[in-house]
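Novice: Residue numbers for the sequence shown follow this note's numbering, beginning at 214 and rising by one.
Just so you know, even glycine gets a beta-carbon here, dropped at the ideal spot from N, CA and C.
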Amino acid sequence: MMKKVIYTIFVLSIIFLLIFQYSRNINDEINYERFNIVAPGVIRTPDIYFKNLDGYNFKPNYIVINDVRIHYLDEGPKDGQIIYLLHGEPTWSYLFRKMIPVLTDAGYRVIAPDMVGFGKSDKYISTDKYSHQMHVDTMLELIKRLNLNNITAHFHDWGGPVGFRLIAEEPDRFIRIIASNTGMPALGRGINNDIMSFLAFPIFKFTIWLQGPVTWEEFIGGDGFSNWIRYSKYTDNLDIGGIMQILGSVNEKEKAAYEAPFPNATYKAGAQIFPYLIPSELRKNEKAFREILEKWEKPFLIANSDNDPVTGNTPGLAEGLKRIPSAEQIMIYGPGHFLQEEAGPEYAQLIIDFINGNPKSFTIDKNGIDKLDIL
Numbered sequence: 214m215m216k217k218v219i220y221t222i223f224v225l226s227i228i229f230l231l232i233f234q235y236s237r238n239i240n241d242e243i244n245y246e247r248f249n250i251v252a253p254g255v256i257r258t259p260d261i262y263f264k265n266l267d268g269y270n271f272k273p274n275y276i277v278i279n280d281v282r283i284h285y286l287d288e289g290p291k292d293g294q295i296i297y298l299l300h301g302e303p304t305w306s307y308l309f310r311k312m313i314p315v316l317t318d319a320g321y322r323v324i325a326p327d328m329v330g331f332g333k334s335d336k337y338i339s340t341d342k343y344s345h346q347m348h349v350d351t352m353l354e355l356i357k358r359l360n361l362n363n364i365t366a367h368f369h370d371w372g373g374p375v376g377f378r379l380i381a382e383e384p385d386r387f388i389r390i391i392a393s394n395t396g397m398p399a400l401g402r403g404i405n406n407d408i409m410s411f412l413a414f415p416i417f418k419f420t421i422w423l424q425g426p427v428t429w430e431e432f433i434g435g436d437g438f439s440n441w442i443r444y445s446k447y448t449d450n451l452d453i454g455g456i457m458q459i460l461g462s463v464n465e466k467e468k469a470a471y472e473a474p475f476p477n478a479t480y481k482a483g484a485q486i487f488p489y490l491i492p493s494e495l496r497k498n499e500k501a502f503r504e505i506l507e508k509w510e511k512p513f514l515i516a517n518s519d520n521d522p523v524t525g526n527t528p529g530l531a532e533g534l535k536r537i538p539s540a541e542q543i544m545i546y547g548p549g550h551f552l553q554e555e556a557g558p559e560y561a562q563l564i565i566d567f568i569n570g571n572p573k574s575f576t577i578d579k580n581g582i583d584k585l586d587i588l
């Protein structure tokens, strides 16, 4: 009898010990995440996640804008001509790591920020805190605080709709523009388009709600921009690395680097909602075209890659930029959507050639690039 009692006590002790340890681990995880909340509704990715990233050995710089800490790279001579590199979805300044050494070796000063919700910048936890205008205002304030002028700006992906609005706000600060695999949604001139600009986003939101969510498997197996938006908006945990792999060519280390800013779903609100915001400001975009971009006479280069499923399946994005009088277009052969990743040094040289007035197309070996035609 006594042996049974001792055995029972022993077993119960082991069970209670395991429960205690599990509870402690859970509490440690909760406290860990709480520690990373730096302001109400704002979370910061710990630096440890950015350790030992291949090719990304740049000094971090930070500036606080509207109580949010913004990270940016500032490389090259301080008196060098400025090249401003703005990333899109779901990337960060890591995207430009292969380009920056080429540009700085040529004597240029490179500024590459991480937008709110991306990279080493702080992240709002709620998707409701993100808006297209918030991104424009934050990036514009960064430019003003750093007193950047005579800027050669490069915009990629959803960095384009943000970047073109920066030009509209402060056109005198920019002297030339390069747009790669991007555009800015706007409906164009005409009374019908003016009316539709009021209605388009509400209709769009209703349509996305009506269609409902799609799974990852449905997303990569389907096509259409709405599938991408439906997946990103409704998913519980956006697959950052998976997106990078289906839109281009990244290895496992590079995939991990793009996932680094997002330890779990709590950090992904900005990346999750960004595609949904793209059609949200058609009226402001059209105003930017009419007041500034349609009158732009400074150099403007559209440099798209032929294997990009985004501009390839959404031709209106690049076509809209042809409203800009000085726009010229060249095609880069070989890369997918993230040409900065697949042809970084070559693309950096193209930017230098563009600054010197002689941009040249180039071709790279695809090296097994096998993107899915999903958008």
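Given a cut-off of 7 angstroms on the beta-carbon distance, is the pair Leu552 and Ser518 in contact?
Specialist: yes
Novice: According to the neighbour-count rule (16 or more other Cβ atoms, all chains shown, within 10 Å of its Cβ), is Gly254 buried or exposed?
Specialist: exposed
Novice: One question on the structure: do Phe475 and Ile456 come within less than 7 angstroms of each other, judged by their Cβ atoms?
Specialist: Cβ atoms of Phe475 and Ile456: not closer than 7 angstroms.
Novice: What is the C-beta distance between Thr516 and Ile537, in whole angstroms, given that I count them as a contact (C-beta under 8 angstroms)?
Specialist: In the sequence as displayed, the identity of residue 516 is Ala instead of Thr. Not a contact, Cβ separation roughly 14 angstroms.
Novice: Does the stretch 455–469 come close enough to the stretch 319–336 that 3 or more CB-CB pairs lie under 8 angstroms?
Specialist: no
Novice: Could you give the residue range of the beta strand (DSSP E) that holds Tyr297?
Specialist: In this chain, the beta strand (DSSP E) harbouring Tyr297 covers Ile295 to Leu299.
Novice: Using 8 angstroms as the threshold, is the stretch 295–305 in touch with the stretch 366–375, meaning 3 or more CB pairs across them?
Specialist: Flag = yes, the stretch 295–305 and the stretch 366–375 touch.
Novice: How should Thr428 be labelled, buried or exposed, when 16 other C-beta atoms within 10 angstroms of its C-beta is the threshold for buried?
Specialist: exposed
Novice: Suppose the cutoff is 8 angstroms on Cβ atoms and the five residues either side in sequence are ignored; what does the same chain contact list for Ile421 look like?
Specialist: Ser439, Ile442, Arg443, Lys446 and Tyr489
Novice: Any idea what DSSP makes of Ile565, helix, strand or coil?
Specialist: helix
Novice: Here's the rule I'm using: 16 or more other beta-carbon atoms within 10 Å means buried, otherwise exposed. How should Tyr343 be labelled?
Specialist: Buried, because 16 or more other Cβ atoms sit within 10 Å of the Cβ of Tyr343.
Novice: If I measure Cβ to Cβ from Ala561 and keep anything under 7 angstroms in the same chain, skipping five residues before and after, which residues do I get?
Specialist: Met312, Val315 and Leu316
Novice: Cα-Cα, which of Ile543, Tyr471 and Arg378 is closest to Leu495?
Specialist: Arg378
Novice: How big is the Cα-Cα spacing for Glu507 and Lys573?
Specialist: 25 angstroms
Novice: Excluding the five sequence neighbours on either side, which residues of its own chain have a C-beta within less than 6 angstroms of the C-beta of Ile486, listed in chain order?
Specialist: Thr340 and Tyr343
Novice: In terms of residues, what are the limits of the alpha helix (DSSP H) holding Thr365?
Specialist: Here Thr365 belongs to no alpha helix (DSSP H); instead the beta strand (DSSP E) covers Ile364 to His369.
Novice: Does the beta-carbon of Ala325 have 16 or more other beta-carbons within 10 angstroms, so that it is buried, or is it exposed?
Specialist: buried
Novice: Note the first and the last residue of the continuous alpha helix (DSSP H) segment covering Val315.
Specialist: Ile313 to Asp318
Novice: Can you tell me which of the three DSSP states Tyr444 falls into?
Specialist: helix
Novice: Hey, would you say Leu514 sits closer than 7 angstroms to Glu554, going by beta carbons?
Specialist: no
Novice: So what's Tyr269 in DSSP terms, helix, strand or just coil?
Specialist: coil
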